[in-house]
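There are 2 protein chains.
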Amino acid sequence: MASVQPLVRQLFSGDPRALARSISLVEEESTQGRAILKAIYPRTGRALVLGITGPPGAGKSSLVSRMVGGWRKRGEKVGIIAVDPSSAFSGGAILGDRIRMQEHCLDPGVFIRSMATRGHFGGVSRACRDVVDLLDAGGYRVIFIETVGVGQDEVEVVQIADLVLVVLPPGLGDDIQTIKAGILEIADLFVINKADREGADRLASELSAMLALSPDHGMAKSPILKTVATTGQGIPELMQAVDQGRRQKGRTASREEREKERSRERFLELFREGLYRRAREACLARDEVEAIAEDLATRRRDPYSAAEEVLGRVRFAEPRRRVPSNGRRR
Amino acid sequence: MASVQPLVRQLFSGDPRALARSISLVEEESTQGRAILKAIYPRTGRALVLGITGPPGAGKSSLVSRMVGGWRKRGEKVGIIAVDPSSAFSGGAILGDRIRMQEHCLDPGVFIRSMATRGHFGGVSRACRDVVDLLDAGGYRVIFIETVGVGQDEVEVVQIADLVLVVLPPGLGDDIQTIKAGILEIADLFVINKADREGADRLASELSAMLALSPDHGMAKSPILKTVATTGQGIPELMQAVDQGRRQKGRTASREEREKERSRERFLELFREGLYRRAREACLARDEVEAIAEDLATRRRDPYSAAEEVLGRVRFAEPRRRVPSNGRRR
């Protein structure tokens, strides 16, 4: 395997082509991609990661585009990851949304990448975290993770972020009831975009009533802002709120806790995935899987017994009694 | 462990309390639950499973309620699984939707069960398949899987179904662009509900134009129906279309292929899950996970190397050179 050191050096120096190449190597799940991720890891964790989610039609892309403009004026390099879980089948990003971002397409200080889930469990959030690390190592100080819709996948993806902005359009009507369930709990900031439309004030008051009723999520303190992304109205206030949210999060002890929590999840995800891949390669021949599928389809065997039988071929060693890294003995 | 045989017998006899009890045992992931699933498996695969998906506000529940009425008139027992992935955090089903179903609440021939994802990868579709099997074994000949929204999770869940109905409301506007990506490919039937509202005809023609442009998905042949669930308009035609779709699917050779494909996925999912659970128990002490998380958060180690290290403790046996169940030797 060719050394990844030259590529990693170029990436550290901020070369966007090295970044694009690295992302491709990582997405292909190549050994080189993995080596790159290992090499850059110590230099990650510096960027501000902003999650943007909300229902289709809320104007998320236009809002991101405006905020990107704000950070570019401050001289920060900005990365955008557009996550599109709904394109599991068509495999492409949604053109319309990307077009709204085109004002930044030619700016070398802005890096835009679309990602689809391709139907893998846990696939998006893992892949997304890897790309965040690569952008971070490439000197992008602000990284947006923008989702297309508001499903479970989106919830998982935006939880990678340091701050989560939930964007809502006025006129949701009764549907705010269906949207609130998963998404409201993870919001650090609410943005009512298209606030020049009818219903913005009503939505704002419904939302704050709803937040006031939610006891222990700390959401009650999540600010509600109004913007009109198309005209730029409310954007300076939004930038200010993000800065403030960032400072607050940085101060609290919970930031460390959150980082540890995310590290734990990430490790376990990699462990689970690696385990499955190795087990399939080592003890499940392809034609055996086919034979099992045939048996199940015709009800000759049941899936639970079949899984248990194959699991019987795996041996697990005891965990080593290692001294934890902080030096304390157990 | 107490024998599950009496419970399984009650379940086979159609006792709804035995069914509810079995579902609980399965959802608790108990050994008994697993024994029940093994025992009933040979008696499954007989029900018609209908997946219902579409954006919030499309009127899915009202439509299901109408169709349930139709099957009840034919004397069939009907099961409804309401899947609500968005409630990963709040953990409850959405009340409003359930209320629309109340006309069937007191009918002993209708069994309604809500399920939330609880944030597990692959969790809903697996749990949902188990409940489908239990309903099937309990003599429910028609089983609805109704989702709340249209995310990636919903796509996976409804793919369990034999026939997938995508329900759309008129007036989606530009948002049809964002909805189409994931969901249109899996539709066997499109239902434009609330068809008495403005925009129903336009949606129908946009939809058929879109389908005509999609080459190899076979969607071009998916019928588009119009209904008004609140008044019952178009429901007989919908029932007819479902019957027809069912007959067509039953005839084709692809039905067997599909059943085999689903069996394969199910087995691999169980295998993957079991693998992870056993590996965590056997070779990852809780405090080791904490120590690793700490190391990652502070960038002392990287998650890839940490995962590889722990994976090194697992040993996989070669697959046995078994004779495939159809008796052919390789």
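Protein chains in written order, with my numbering: chain A, 967 to 1296; chain B, 967 to 1296. Glycine is no exception: its CB is placed at the ideal position from the N, C-alpha and C atoms. The structure presented is a predicted model; accordingly, all values stated were derived computationally and were not measured.
C-beta neighbour in chain A for residue i, strict 7 Å
i: phenylalanine 1282 (chain B); result: yes
i: arginine 1232 (chain B); result: yes
i: valine 1276 (chain B); result: yes
i: phenylalanine 978 (chain B); result: no
i: tyrosine 1007 (chain B); result: yes
i: glycine 1104 (chain B); result: no
i: glycine 1240 (chain B); result: yes
i: alanine 1273 (chain B); result: yes
i: phenylalanine 1156 (chain B); result: no
i: serine 1229 (chain B); result: yes
i: phenylalanine 1237 (chain B); result: yes
i: arginine 1295 (chain B); result: Because arginine 1295 (chain B) sits at a pLDDT of 42, beneath the cut-off of 50, its placement in the model cannot be relied upon, and the point is left open.
According to DSSP, residues forming a beta bridge with residue i
i: arginine 1281 (chain A); result: B:Arg1281
i: glutamate 1081 (chain B); result: The displayed chain sequence assigns methionine, not glutamate, to residue 1081 (chain B). Answer is B:Val1049, bridged to methionine 1081 (chain B).
i: isoleucine 1190 (chain A); result: A:Phe1156
i: glutamine 1199 (chain A); result: A:Val1194
i: glutamate 1112 (chain A); result: A:Ile1018 and A:Ala1048
i: leucine 1204 (chain B); result: According to DSSP, leucine 1204 (chain B) bridges with nothing at all.
i: valine 1132 (chain B); result: B:Thr1019 and B:Phe1156
i: valine 1076 (chain B); result: B:Val1044
Contacts around residue i, its chain only, beta-carbon distance under 7 Å, and the 5 residues preceding and following it disregarded
i: glutamate 1122 (chain B); result: Ser1091
i: glycine 1211 (chain A); result: Leu1129, Asp1154 and Leu1155
i: valine 974 (chain B); result: Ile1002, Ala1005 and Ile1006
i: valine 970 (chain B); result: Gln998, Ala1001, Ile1002 and Ala1005
i: serine 1188 (chain A); result: Ala1153, Asp1154, Leu1155, Phe1156 and Leu1177
i: threonine 1010 (chain B); result: Asp1099, Asp1102 and Ala1103
i: valine 1015 (chain A); result: Val1098, Ile1109, Ile1111, Ile1126, Ala1127 and Asp1128
Test: residue i CB closer than 7 Å to a CB of chain B
i: arginine 1243 (chain A); result: no
i: isoleucine 1018 (chain A); result: no
i: proline 1269 (chain A); result: yes
i: glutamate 1225 (chain A); result: yes
i: leucine 1100 (chain A); result: no
i: arginine 1279 (chain A); result: yes
i: arginine 1066 (chain A); result: For arginine 1066 (chain A), the predicted model reports a pLDDT of 48, less than 50, meaning its position is unreliable and no value from the coordinates is stated.
Proximal residues to residue i (C-beta, below 8 Å), its chain only, five neighbours per side dropped
i: valine 1280 (chain B); result: Ala1245 and Cys1249
i: alanine 1013 (chain B); result: Gly1045, Val1098, Leu1101, Asp1102, Tyr1106, Arg1107, Val1108 and Ile1109
i: valine 1076 (chain B); result: Val1034, Arg1038, Lys1043, Val1044, Gly1045, Ile1046 and His1070
i: alanine 1251 (chain B); result: none
i: alanine 1263 (chain B); result: none
i: alanine 1272 (chain B); result: Ile1258, Asp1261 and Leu1262
i: leucine 1173 (chain A); result: Leu1134, Ile1142, Phe1156, Ile1158 and Ile1190
Contact set for residue i: own chain, Cβ-Cβ below 6 Å, skip 5 residues either direction
i: valine 1130 (chain B); result: Gly1017, Val1124, Ile1152, Ala1153 and Asp1154
i: leucine 1061 (chain B); result: Any reading at leucine 1061 (chain B) must be qualified, since the residue scores a pLDDT of 41, below 50, and its modelled position is unreliable; the value itself is stated next. Cβ within range, chain order: n/a, list empty.
i: valine 1194 (chain B); result: Ala1161 and Asp1162
i: valine 992 (chain B); result: Gly999 and Asp1096
i: glycine 1025 (chain B); result: Asn1159, Lys1160 and Ala1195
Residue i CB to nearest heavy atom of the ligand GDP below 6 Å
i: proline 1008 (chain A); result: The ligand GDP is not part of the structure shown, which contains no ligands of any sort.
> Taking one C-beta from the segment 1185-1204 of chain A and one from the segment 1017-1035 of chain A each time, how about it: are there three or more such pairs within less than 8 Å?
Replying inline: yes
>> I want to know whether the segment 995-1007 of chain A touches the segment 1093-1112 of chain A - three or more CB-CB distances under 8 Å.
In response: Pairwise C-beta distances place the segment 995-1007 of chain A in contact with the segment 1093-1112 of chain A, as three or more of them are shorter than 8 Å.
>> Please list, in chain order, the residues of the segment 979-1003 of chain B that have any C-beta partner in chain A closer than 7 Å.
In response: Arg1000 and Leu1003
>> At a CB distance below 9 Å, what residues from the segment 1245-1265 of chain B approach chain A? Give them in sequence order.
In response: Within the segment 1245-1265 of chain B, the residues whose Cβ lies closer than 9 Å to some Cβ of chain A are Ala1245, Arg1246, Glu1247, Ala1248, Cys1249, Leu1250, Ala1251, Asp1253, Glu1254, Val1255, Glu1256, Ala1257, Ile1258, Ala1259, Glu1260, Asp1261, Leu1262, Ala1263, Thr1264 and Arg1265, listed in chain order.
> Counting pairs of Cβ atoms below 8 Å between the segment 1258-1266 of chain B and the segment 1235-1243 of chain B, do you hit three or more?
Replying inline: no
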